[in-house]
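Here's the structure we're looking at; comments come further down.
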Amino acid sequence: MAIPALISGISEPILSITDTAIVGNINTNPVESLAAVGIVGTFLSMLIWILGQTRSAISAIVSQYLGANNLGAVKNLPAQAIFIVTSLSLFIIAGTYPFANQIFKLYNASGLILDYSVIYYKIRVFGFPFTLFTIAVFGTFRGLQNTYHPMIVAIIGASANIILDFVLVYGISGYLEPMNIEGAAYASVIAQILMALFSAYFLLKKTTIPLIPTFPFNKEIWRFVVMILNLFVRTVALNITLYFATRFATGYGKNYIAAYTIAINLWFLGAFIIDGYAGAGNIMSGRLYGAKNYKDLINLNKKLIKIGLIVGVVLTLFGFVIYKPIGILFTKDPEVLTRFYDVFWIVLIMQPICAIAFIFDGIFKGLGKMSTLRNVLLLSTFLVFIPILYGLDYFDFKLNGIFIALTFWMIARALPLLINFRKQFIPLTKNN
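Going by our numbering, the first residue of the sequence shown is number 33, and it counts up by one from there.
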């Protein structure tokens with residue numbers, strides 16, 4: 033389950049990384065374009081993560097009912113959830129599109145970076161409903177213990193985005209003029225539409241889950257809404273972290289925000305690779321919890337920790353092997369590369385810590401314990417990340433300060449969940 037989940041999970045960061053690498057190598061204002069992609073990517077990630085929590089909520093409920101051998105009771109829930117989240121996305125587009133300029137000024141963007149941010153956002157935002165639709169369908173598949181079809185959809189979307197990026201950004205001599213940063217935005221939107229269409233096709237062909245919502249609402253819809261509200265607060269806290277990180281990086285200058293964009297996108301890639309195993313934990317823990325099989329739940333947790341640590345260490349070592357070449361892949365600007373190389377080592381040593389945090393995130397989502405996840409992230413953001421960030425900024429650590437603060441933020445996310453899980457479930461195994 034983990035390998036297909038891993039591949040499907042990295043589709044979104046691959047979209048962003050592709051845009052970053054290709055835009056960073058255009059001939060016209062590459063540094064400003066790279067900075068704009070980073071700023072908009074942070075804001076869009078915030079929106080996607082806030083409403084994209086439907087995947088975890090749907091997966092938790094469906095997998096628990098599957099474990100209890102009562103799937104028919106929630107058969108109409110996914111369509112209702114998809115209807116709610118896609119409707120909300122349309123309101124968000126209407127509420128943010130006219131104010132794009134003001135939004136990105138909040139990220140310290142100005143001049144050409146601000147202009148490019150607005151241009152890029154006003155195209156990419158139209159892919160937002162399609163992304164949320166795909167995420168919700170992926171959640172349904174996960175609840176059914178199926179990570180294969182989401183993987184196929186993700187491969188189609190990522191491949192289409194890479195091809196379209198090259199064609200639209202750089203153009204085709206004699207046929208299509210280079211579209212630069214606008215081309216990258218159009219490529220992402222088209223890829224997101226393709227992923228939504230294939231997601232719908234596979235759900236209808238390979239499962240008995242309908243896509244047309246029927247009413248009245250399923251009895252679990254209110255539990256679903258409470259989960260979403262808890263995850264909403266949690267994701268707001270998460271994005272406050274990313275907002276402050278991006279805002280501080282932008283304030284240090286265009287070379288800093290460009291370097292930060294490369295580093296944070298590589299961090300996201302590593303996070304989503306590890307998140308494949310967290311996805312397996314999400315899927316299987318929900319089923320085992322629904323079946324009240326606490327002994328196997330504990331054993332699953334132990335195995336996932338070992339695998340996650342191995343994956344985290346491998347990512348760290350691989351990153352050090354390709355330390356220099358990976359920077360050149362994104363930009364040739366010497367100032368940006370200097371800033372990037374100064375902090376990339378911190379991104380790499382964070383990976384094993386991230387593994388523990390993400391695996392427990394997945395397990396607690398599968399258990400449906402969203403309030404615990406909410407409380408942990410609120411505390412780690414406001415009591416750990418922000419105070420450390422401001423303290424290191426005072427001592428002029430710049431980008432190093434941002435990524436050191438992120439490291440302590442991840443530690444503060446991992447430890448409480450590990451302790452809480454073992455305290456809660458080890459006693460239950462005695463009665464199993």
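Every residue gets a Cβ at the ideal spot worked out from N, C-alpha and C, and that includes glycine.
Reference residue i, options the options, closest by Cα
i    : options                   : result
G398 : I337, Y97 and D428        : Y97
T370 : A387, F414 and A290       : A290
F162 : I194, I443, L298 and A228 : A228
A186 : I35, T348, R454 and F435  : I35
N297 : L361, F256 and F396       : L361
Y292 : G175, I330 and N432       : N432
T240 : D328, L38, L176 and F429  : L176
P448 : L421, F414, P459 and N407 : N407
L76  : Y152, K107 and V94        : Y152
Y426 : W377, V353, Y284 and L336 : Y284
I114 : A105, I90 and S205        : I90
L320 : A100, L235, I378 and P459 : A100
W299 : E209, V379, N262 and T74  : V379
I49  : P62, G70 and N102         : G70
M382 : F249, A437 and N57        : A437
F304 : V94, N61 and I388         : I388
I82  : R266, N331 and L243       : R266
G127 : I39, F376, K154 and V169  : K154
Y275 : I434, P366 and R174       : I434
E214 : T282, W377 and L200       : L200
K356 : V63, D374 and V345        : D374
P248 : D428, V63, Q112 and A37   : Q112
G104 : E252, G313, K237 and F396 : E252
Test item: CB-CB of residue i and residue j under 8 Å
i    : j    : result
V157 : F136 : no
G322 : G394 : no
W478 : F457 : The structure shown does not extend to residue 478, since the chain spans only 33 to 464, so no value can be given for it.
I124 : L196 : no
N333 : T404 : no
D51  : S191 : no
V55  : A216 : yes
I466 : I337 : This structure cannot settle anything about residue 466, because the visible part of the chain is limited to 33 through 464.
I188 : F230 : yes
I385 : T348 : no
G41  : D328 : no
I167 : G84  : yes
A223 : N193 : yes
G340 : A92  : no
T60  : N212 : yes
V368 : V63  : yes
A281 : Y288 : yes
N250 : V106 : yes
Enclosing alpha helix (DSSP H) for residue i [first to last residue]
i    : result
I124 : L109 to T128
A141 : Note, A141: premise wrong, no alpha helix (DSSP H); not H, not E.
Y207 : It is not in any alpha helix (DSSP H) - Y207 carries neither H nor E in the DSSP assignment.
P357 : Y355 to F362
E64  : P62 to L83
I296 : K286 to G322
D374 : P366 to I381
G104 : Taken as a continuous stretch (DSSP letters only), G104 belongs to no alpha helix (DSSP H), as it is neither H nor E.
N133 : A132 to K137
P36  : A34 to G41
T282 : I253 to G283
I244 : From DSSP, I244 is part of no alpha helix (DSSP H); its letter is neither H nor E.
I58  : Unbroken run through I58: none, as it is neither H nor E.
T240 : From DSSP, T240 is part of no alpha helix (DSSP H); its letter is neither H nor E.
Inter-residue CB distance, residue i and residue j (contact presumed, cutoff 8 Å)
i    : j    : result
I145 : K364 : Incorrect: roughly 19 Å between the Cβ atoms, too far for contact.
L226 : L409 : The pair is not a contact, with the Cβ atoms about 32 Å apart (cut-off 8 Å).
T118 : L164 : 6 Å
A68  : Y148 : 4 Å
L109 : F264 : Actually they are not in contact, since the Cβ atoms of L109 and F264 sit about 18 Å apart, beyond 8 Å.
A444 : L421 : In fact, because the Cβ distance is near 13 Å, the residues do not count as touching under 8 Å.
F372 : G351 : Not really, about 12 Å apart at Cβ, beyond 8 Å.
G171 : T273 : The Cβ separation is near 24 Å, so there is no contact.
Y202 : P210 : 5 Å
T246 : M33  : The pair is not a contact, with the Cβ atoms about 30 Å apart (cut-off 8 Å).
Residue i CB to nearest heavy atom of the ligand FAD below 7 Å
i    : result
N452 : As far as ligands go, the structure on display features none, and thus does not contain the ligand FAD.
So within the stretch 388-454, which uninterrupted alpha helix (DSSP H) runs reach at least 4 residues, ignoring any that extend past its ends? 402-411 and 418-426
Could you name each continuous beta strand (DSSP E) segment of 3 residues or more that falls completely within the stretch 155-226, going from the start of the chain to the end? none
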